[in-house]
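A.B. asks: Attaching a single structure in structure tokens format; questions to follow.
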Amino acid sequence: MKPKSVVINGDCLEAMREMPDNAFDLAIVDPPYGIGASRPTNYARIAIKYSRDTDRKWDSITPSTEYFQELRRVSINQVICGANYFSLHLPPSMGWVSWFKSVEMMGRCFSEIELIYTSFNVRARQFEYRPNLTREGRIHPTQKPVALYKWLLKTYAKPGDTILDTHLGSQSSRIAAWDLGFDFTGYELDPDYFREGNERFEQHRAQGNLFAPDDTPKPTQGGLFG
């Protein structure tokens, strides 16, 4: 039986206001960091040049305090990418993740590591995976690899969990949830990202993953940076 996969081109905050408490088991989100990474002078242009998106102001502001309050209300647990930019909105947690993008990526990307918050009070983890910045058809400048989302789901989600993503972007999270059999709901405000991400998902679903190898790295236990 295939999982449910529902996506909405709309405002996630407006939608969350109408949701009951604990509507989802796990939220995995990658909100805009509000650091102006789309500006031509920003180091993130290294990543942007490999993307079809060069003009949209996708990183001008961070989500509001209300967004984080609603996110925590409608989901039992949360995984938040780039959460070092949002730490004032989040409760303390032991279970941070460091995504190390490999030695080969040093000096070639906006950030050589990315800090990911989880609401789980478990041992900090490190995930090592080299993103492919030159992949054709990259949709979003900060597009996360499907392998990262698969690792996060395998590490923090339980079988049968329902998944929420409030900022779909390229829909890597949706592809990972589909492949692993999780029911998924996602929101994307930008109509172009929504269309392009949906096309990417539909193409992936049409191809199928029956014979695709599982290249998700195994979880690494230990300290945050090693």
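Numbering that gives the first Met the number 0 puts the first residue of the sequence shown at 0, with every later residue one more than the last.
Glycine is no exception: its CB is placed at the ideal position from the N, C-alpha and C atoms.
(1) In terms of residues, what are the limits of the beta strand (DSSP E) holding Ala-26?
(2) DSSP three-state call for Arg-204: helix, strand or coil?
(3) Which one of Pro-2, Arg-71, Asn-120, Met-0 has the shortest CA to CA distance from Thr-165?
(4) From what residue to what residue does the beta strand (DSSP E) around Ser-92 run?
(5) Using the three-state DSSP reduction, which class does Val-6 fall into: helix, strand or coil?
(6) Measuring alpha carbon to alpha carbon, tell me which residue in Val-6, Lys-157, Ile-60 is nearest Phe-85.
(7) Which residue's Cα is closest to the Cα of Val-78: Ser-63, Tyr-186, Ala-156, Tyr-192?
(8) State the start and end residues of the unbroken alpha helix (DSSP H) segment that holds Phe-67.
(9) Shortest alpha-carbon distance to Thr-141 belongs to which of Lys-1, Asn-76, Val-28, Glu-65?
(10) Any idea what DSSP makes of Glu-113, helix, strand or coil?
(11) Could you tell me the distance, in whole angstroms, from the CA atom of Phe-23 to the CA atom of Thr-184?
(12) To the nearest angstrom, how far is the alpha carbon of Val-121 from that of Pro-158?
(13) Could you pull out every residue in the same chain whose Cβ sits closer than 6 Å to the Cβ of Lys-1, ignoring the five residues on either side in sequence?
(14) Out of curiosity, what's the CA-to-CA distance linking Glu-201 and Arg-173?
(15) Pro-130 and Ser-171 look like a contact to me (Cβ under 8 Å); what is the Cβ gap, rounded to whole Å?
(16) Do you know offhand how far Glu-127's Cα is from Glu-113's?
(17) State the start and end residues of the unbroken beta strand (DSSP E) segment that holds Ile-162.
(18) What does Ile-174 pair with, by DSSP beta-bridge criteria?
C.D. replies: This is what the structure gives:
(1) Translated into positions along the sequence shown, residue 26 becomes position 27. Where Ala-26 is concerned, the enclosing beta strand (DSSP E) stretches over 23-28.
(2) Here residue 204 corresponds to residue number 205 of the sequence shown, with the count starting at 1. In this structure, Arg-204 counts as helix in the three-state DSSP scheme.
(3) Numbered from its first residue, the sequence shown carries residue 165 at position 166. The residue from Pro-2, Arg-71, Asn-120, Met-0 with its alpha-carbon nearest to that of Thr-165 is Arg-71.
(4) In the sequence shown, the residue the question calls residue 92 occupies position 93. It is not in any beta strand (DSSP E) - Ser-92 carries neither H nor E in the DSSP assignment.
(5) Looking up residue 6 in the sequence shown gives position 7. Of the three classes helix, strand and coil, the one that applies to Val-6 here is strand, per DSSP.
(6) Here residue 85 is taken as the residue at index 86 of the sequence shown, counted from 1. Closest by alpha carbon: Ile-60.
(7) Reading the sequence shown from its first residue, position 79 is the one you call residue 78. That would be Ala-156, whose Cα lies nearest to the Cα of Val-78.
(8) Locating residue 67 in the sequence shown gives position 68, where the first residue counts as 1. Element bounds for Phe-67: 64-73.
(9) The sequence position of residue 141 within the sequence shown is 142, counting from 1. Considering only alpha carbons, the answer is Val-28.
(10) Mapped onto the sequence shown, residue 113 falls at position 114. The three-state secondary structure of Glu-113, taken from DSSP, is strand.
(11) Indexing the sequence shown from 1 puts residue 23 at position 24. Indexing the sequence shown from 1 puts residue 184 at position 185. Each residue's alpha carbon lies about 9 Å from the other.
(12) Counting from one through the sequence shown, the residue named residue 121 turns up at place 122. Counting from one through the sequence shown, the residue named residue 158 turns up at place 159. Each residue's Cα considered, the two are about 19 Å apart.
(13) By one-based count along the sequence shown, residue 1 stands at place 2. None.
(14) Here residue 201 corresponds to residue number 202 of the sequence shown, with the count starting at 1. Here residue 173 corresponds to residue number 174 of the sequence shown, with the count starting at 1. Each residue's Cα considered, the two are about 11 Å apart.
(15) Within the sequence shown, numbered from 1, the residue matching residue 130 stands at position 131. Within the sequence shown, numbered from 1, the residue matching residue 171 stands at position 172. Incorrect: roughly 11 Å between the Cβ atoms, too far for contact.
(16) Indexing the sequence shown from 1 puts residue 127 at position 128. Indexing the sequence shown from 1 puts residue 113 at position 114. The straight-line gap from Cα to Cα measures roughly 10 Å.
(17) Counted from its first residue, the sequence shown places residue 162 at position 163. Judged by DSSP secondary structure, Ile-162 falls within the beta strand (DSSP E) whose first and last residues are 161-164.
(18) Against the sequence shown, residue 174 aligns to sequence position 175. For Ile-174, no pairing in a beta bridge is given by DSSP.
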